[in-house]
């Protein structure tokens, strides 16, 4: 047992002593490799940052155009309320049923709404 412990102690000390310090050229290679990797990361970061700025600019443009679209939607909703009230008051609810339940497709209903809109604007 003492021999085994002595053998392990000698082997362990030899193994650590055999571990050599890296040479200057090896360190330079590692530094160059790490530098290349860092450069790739920085380039990726810059591209993502530019993309983020472009996306934020597009978001601002869309937000600005959303205001008029909301206003147009509210105006159209108000016009629909007026048309619905008029149809109810005059007893012409059949027209509203066509709008609400309508025919099979949306295009027919949209065409009908356009005709009503044209007749109201005259």
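In the numbering used here, the protein residues as written are 1 to 122. In this text, a Cβ means the ideal position worked out from N, Cα and C, and glycines have one as well. Just so it is clear, the structure is predicted and the values come from calculations on it, not from any experiment.
In the structure shown, the three-state DSSP call for residue 63 is helix.
With contacts defined as CB atoms closer than 9 Å, residue 33 and residue 22 fail to qualify as a contacting pair. Looking only at 42, 37, 83, the smallest Cα-Cα distance to residue 112 is reached by 83.
In this structure, residue 117 sits near residue 79, with a CB-CB distance shorter than 9 Å.
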